[in-house]
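Working notes, structure below.
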Amino acid sequence: MTRSTRSRWTNAAVLAALAMAMLALSADDGVFWGIVVPLAYLGGAVWASPIGDRTTHDHAAVVTLPADQRRVVVYARPGCSYCFRLRVALLTSPQPVWVDIWDDPEAAAFVREVNHGDETVPTVVIDGEAHTNPPPGMVRAALAASHARTS
Numbered sequence: 003m004t005r006s007t008r009s010r011w012t013n014a015a016v017l018a019a020l021a022m023a024m025l026a027l028s029a030d031d032g033v034f035w036g037i038v039v040p041l042a043y044l045g046g047a048v049w050a051s052p053i054g055d056r057t058t059h060d061h062a063a064v065v066t067l068p069a070d071q072r073r074v075v076v077y078a079r080p081g082c083s084y085c086f087r088l089r090v091a092l093l094t095s096p097q098p099v100w101v102d103i104w105d106d107p108e109a110a111a112f113v114r115e116v117n118h119g120d121e122t123v124p125t126v127v128i129d130g131e132a133h134t135n136p137p138p139g140m141v142r143a144a145l146a147a148s149h150a151r152t153s
């Protein structure tokens, strides 16, 4: 089991435990705290787990993609709150190429190279230029521009 998969299962287990705790502790507090919030935690647990596996690429494969298919590349890792924020912000956008740095040592080395030795994620490469933890709006705009070019 890879480090990434182990982390995703751990995150899912924590969210599921929180759901069960909320269900047990808030049963008398009404529908919102007793049902809605625990269901949201359970949904998050499924989403965070490897069950809802999202496709990621290797760094070597990304480098060989045609330039128009790698205009926006996101280097991320499971459990990173900033990566989660970016992933949620991009739910309704065209999707970038995602690379999990915990599953790919080359990707981790690339992220360290562009971040002065740190594995800071998300590192987003937009048209060949690396941006460390950029605002989601900037990534959405780059994806929209990239999608407009290819359409």
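When you read off a place in the sequence shown, starting at 1, and then add 2, the result is the number in the numbering used here.
Glycine residues also receive a C-beta, built at the ideal position from the N, C-alpha and C atoms.
Owing to the predicted nature of the structure, the values given are computational and were not obtained by experimental measurement.
The continuous beta strand (DSSP E) containing W100 extends over residues V99 to D102. Within the same chain, Cβ atoms closer than 7 angstroms to the Cβ of A62 are found at E108, the five residues on either side in sequence being excluded. Contact fails between the stretch 96-111 and the stretch 20-27, because fewer than three Cβ pairs, one in each stretch, are under 8 angstroms apart.
Assignment of V33 by DSSP, reduced to helix, strand and coil, places it in the helix class.
For V127, the uninterrupted beta strand (DSSP E) run begins and ends at T125 to I128, by DSSP. As the crow flies, the alpha-carbon of P68 is around 54 angstroms from that of G32.
By the Cβ neighbour-count rule, D106 is buried, with 16 or more other Cβ atoms within 10 Å of its own. Contact annotation: A91 and P138 have beta-carbon atoms nearer than 7 angstroms. Nearest to V141 by alpha-carbon distance, out of C85, L44 and Y43, is C85.
A direct Cα-to-Cα measurement between E115 and L17 gives close to 33 angstroms. Judged by their CB atoms, L20 and P96 are not nearer to each other than the 7 angstroms cut-off.
The beta carbon of D60 is closer than 6 angstroms to those of D106 in its chain, skipping five residues each way along the sequence.
S6 and A23 have their C-alpha atoms spaced approximately 26 angstroms apart. Y77 is bridged by DSSP to V101 and T125. Looking at the backbone, the Cα of I128 and that of V65 are separated by about 13 angstroms.
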